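*Asks:* Numbering (this note's numbering), first residue to last: 1 to 445.
What follows is a single structure, and I will ask about it in a moment.
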Amino acid sequence: MKKILVCLFTVVLLMSLLGGCSKDTKTSGDIKVTPDKKYEDNNEKKAKEEKVTIKWLHHWGEEGVRQWLEELEKTYEEAHPNVDIEITAAGGDNYYTLLKTKIASDDAPDIYDVDLIADQEFIDNNYLTDLTDAPFIPNIQSSVIDSVKKLGNGKVLAIPLDVWGAVVTYNKDVFEEAGITKVPATKKEFEEALRKLKDIGVDPIGASYQDRWTLDWELQNDYVVSILGNYDEEWIKKVQSRELKFQDDKNGFKEVLERLKERYQYVNRDPFGTDWNTVQDKLATGKIGMLINGTWTVGGVQAKNPDVNLGVMALPIVDEPAENKVVLGVKGGLAVHNGAKNKEVVYDFFNHIFSKSMAKIYQEKKVALSTVEGVELDPDSCFNTLVEYQNNDQVVDMSYLLSSFQDEFGNAFIDQISLYLLEDMTEDECIEALDKEFDKIAKRQ
């Protein structure tokens with residue numbers, strides 16, 4: 001069935017977000033936010049009286065984001081000599097385990113990012129500061145704040161830096177070399193493109209399953225559209241609760257597995273021994289044709305080769321063009337731990353993070369869709385394609401969807417999908433193994 005998208009993904013907002021993604025972004029001046037007197041006095045007093053350390057834990061691996069974080073830290077500390085911003089990166093596969101361990105051991109970072117759908121326990125346990133009335137909120141697009149409030153039961157508990165989602169990123173020059181003159185819009189056209197790429201000696205798809213999360217995101221490009229978007233948006237919740245089993249294949253999970261195995265014959269050598277950094281390099285240098293992952297891929301690849309010619313598209317999973325969709329949304333973002341000791345300073349730092357100037361740099365370095373008011377992208381953009389998908393009603397809004405299996409279920413899911421590929425299991429064997437593992441986990445909980 002057709003999904004009704006929330007206001008975040010109206011054409012007007014997408015047009016404002018998706019003006020382009022070149023490095024020639026045109027902006028002028030920061031949005032000025034006047035903090036209340038108490039906030040201003042407390043921050044000034046703290047600035048004069050003590051040395052303050054603000055800890056920030058994140059899991060972003062893109063080079064562009066790393067450059068932005070360095071600029072962010074440098075500019076803030078230069079303006080606030082008493083403040084030390086301590087930024088720590090964790091791997092995407094163990095981020096939440098590390099974060100929860102730190103919180104449990106009373107060593108929680110002041111700032112971290114959360115998925116308000118997947119990480120309900122952060123809300124239930126009151127780990128997140130209510131930012132609804134914070135002085136930097138006017139910097140953020142009102143439609144984004146409205147969406148985050150819905151996720152936080154009427155409160156702003158996290159602020160997204162960008163709109164993101166699941167897309168296929170491809171090298172336009174490699175496609176042209178292979179004689180692919182039209183962006184594949186159907187499964188049949190996609191399969192033809194894979195064969196053409198293979199014929200010129202290029203690995204059609206980059207697979208970096210050494211970083212397990214990349215396999216999860218390849219699958220989300222398929223099942224978020226084919227299952228959550230078309231049949232049952234609570235499929236993952238129901239499977240985890242065991243209300244449904246994988247073998248209750250009413251929604252086409254068996255077909256998701258079949259499509260994954262079909263693509264697997266077109267990936268690079270040793271996909272389970274290859275990491276995410278390597279496949280980004282390969283896409284940047286034309287050694288592979290595409291990556292099936294997320295919107296952040298563009299910035300990561302451009303950081304390795306600024307001259308690379310990239311495009312984005314939906315993963316074609318059926319032969320009806322209108323049913324092949326991209327996945328976009330906001331699910332959370334940067335949060336302030338409720339136990340943070342220096343919230344006045346953290347708030348002032350957030351005012352810097354979400355200023356127009358830093359948002360512009362973030363958008364340029366990461367090549368992202370900023371959530372800050374007034375930050376526009378250049379009209380020449382690989383992301384303009386997303387406007388076309390929106391105009392054609394080919395977007396699944398992931399903002400309110402649980403789109404990946406969680407914790408033990410998530411680990412078991414990727415374990416079994418990996419064995420399905422490595423041991424060439426049948427779809428029925430994989431489904432049976434998944435149900436057995438999920439039953440064991442459910443009994444322990």
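All C-beta atoms in this analysis are idealised placements derived from N, C-alpha and C, irrespective of residue type, glycine included.
These numbers were taken from a predicted model, which means no experiment stands behind them.
1. Can you tell which of L57, T274, V167 has the C-alpha that lies nearest to the C-alpha of F383?
2. Let's test the definition: count the other Cβ atoms within 10 Å of the Cβ of I159 and tell me whether it reaches 16, buried, or not, exposed.
3. How far does the beta strand (DSSP E) with M398 in it reach, from first residue to last?
4. Determine the direct distance from the alpha carbon of E258 to that of G152, and round the result to whole angstroms.
5. Compare the C-alpha of D113 against each of R242, A335, S241 and name the closest.
6. Does the Cβ-Cβ distance between V312 and L386 come in under 8 Å?
7. Would you tell me roughly how many angstroms separate the C-alpha atoms of E50 and K287, rounded to the nearest one?
8. Between which two residues does the alpha helix (DSSP H) holding V83 run?
9. What three-state label does DSSP hand D203 in the structure shown?
10. Report all residues from its chain with a CB closer than 6 Å to the CB of Q247; omit the five preceding and five following residues, and keep chain order.
11. Near K245, what residues of its chain come up, given a Cβ to Cβ distance below 6 Å and the 5 sequence neighbours on each side ignored?
12. Label S370 either buried or exposed according to how many other C-beta atoms from any shown protein chain fall within 10 Å of its C-beta, with 16 as the threshold for buried.
13. Tell me whether D428 is buried or exposed, calling it buried when 16 or more other Cβ atoms sit within 10 Å of its Cβ.
14. Rounded to whole angstroms, how far is the Cβ of V156 from the Cβ of N342, which I believe are closer than 8 Å?
15. Nearest-angstrom Cα distance between M290 and A79?
16. Could you check the C-alpha separation between P109 and P135 for me, to the nearest Å?
17. Can you tell me whether F122 is buried or exposed? The criterion is at least 16 other CB atoms within 10 Å of its CB, across all chains shown.
18. Within its chain, find whatever has a CB closer than 7 Å to the CB of W213; leave out the 5 residues flanking it on each side and keep chain order.
19. How would you label E176, buried or exposed, when you count the other beta carbons within 10 angstroms and need 16 or more for buried?
20. Out of curiosity, what's the CA-to-CA distance linking L116 and G201?
21. Between the beta-carbon of I292 and the beta-carbon of S226, is there less than 8 Å?
22. According to DSSP, simplified to helix, strand and coil, what is V412?
*Replies:* Per the coordinate set shown:
1. Indexing the sequence shown from 1 puts residue 383 at position 383. Selected option, being the one with the closest Cα: V167.
2. Here the question's residue 159 lines up with position 159 in the sequence shown. Residue environment: I159 is assigned as buried (16 or more neighbouring CB atoms within 10 Å of its CB, all protein chains considered).
3. Here the question's residue 398 lines up with position 398 in the sequence shown. For M398, there is no enclosing beta strand (DSSP E), as DSSP gives it neither H nor E.
4. Looking up residue 152 in the sequence shown gives position 152. Looking up residue 258 in the sequence shown gives position 258. Going from the Cα of G152 to the Cα of E258 covers about 37 Å.
5. Position 113 of the sequence shown, counting from 1, holds the residue named residue 113. Comparing Cα-Cα distances from D113 to each of R242, A335, S241, the minimum goes to A335.
6. Within the sequence shown, the letter at position 312 stands for residue 312. Within the sequence shown, the letter at position 386 stands for residue 386. Cβ atoms of V312 and L386: closer than 8 Å.
7. Along the sequence shown, one-based indexing puts residue 50 at 50. Along the sequence shown, one-based indexing puts residue 287 at 287. A direct Cα-to-Cα measurement between E50 and K287 gives close to 53 Å.
8. Mapped onto the sequence shown, residue 83 falls at position 83. Element bounds for V83: not the alpha helix (DSSP H) but the beta strand (DSSP E), 83–89.
9. Start at 1 with the first residue of the sequence shown, and residue 203 comes out as number 203. Here D203 sits in strand by DSSP.
10. As a working note, residue 247 is residue 247 in the sequence shown. The answer, listed in chain order, is I431, D435.
11. Counting from 1 along the sequence shown, the entry for residue 245 is found at position 245. Here K245 has D435 as same chain residues with Cβ atoms under 6 Å from its own Cβ, once five neighbours each way along the sequence are excluded.
12. Taking the first residue of the sequence shown as position 1, residue 370 is located at position 370. It is buried - the Cβ of S370 has at least 16 other Cβ atoms within 10 Å.
13. Here residue 428 refers to the residue found at position 428 of the sequence shown. That one is exposed.
14. Position 156 of the sequence shown, counted from the start, is the residue given in the question as residue 156. Position 342 of the sequence shown, counted from the start, is the residue given in the question as residue 342. The beta-carbon separation of V156 and N342, rounded to 20 Å, does not stay under the 8 Å limit for a contact.
15. Here the question's residue 290 lines up with position 290 in the sequence shown. Here the question's residue 79 lines up with position 79 in the sequence shown. M290 and A79 have their alpha carbons spaced roughly 42 Å apart.
16. In the sequence shown, residue 109 corresponds to position 109, counting from 1. In the sequence shown, residue 135 corresponds to position 135, counting from 1. Rounded to whole angstroms, P109 to P135 spans 21 Å at the Cα level.
17. Sequence index remark: in the sequence shown, residue 122 carries index 122 (1-based). The residue is buried, with at least 16 neighbouring Cβ atoms inside 10 Å.
18. Within the sequence shown, numbered from 1, the residue matching residue 213 stands at position 213. The beta carbon of W213 sits closer than 7 Å to those of G92, D93, all from its chain and outside the five residues before and after it, given in chain order.
19. Taking the first residue of the sequence shown as 1, we reach residue 176 at position 176. Exposed, since its Cβ has fewer than 16 Cβ neighbours within 10 Å.
20. Within the sequence shown, residue 116 is the residue found at index 116, counting from 1. Within the sequence shown, residue 201 is the residue found at index 201, counting from 1. Looking at the two C-alpha atoms, the distance is approximately 43 Å.
21. Sequence index remark: in the sequence shown, residue 292 carries index 292 (1-based). Sequence index remark: in the sequence shown, residue 226 carries index 226 (1-based). The answer is no: Cβ separation not under 8 Å.
22. Mapped onto the sequence shown, residue 412 falls at position 412. In the sequence under discussion, the amino acid at residue 412 is Ala, which differs from the Val named in the question. In the three-state reduction of the DSSP assignment, A412 falls in the helix class.
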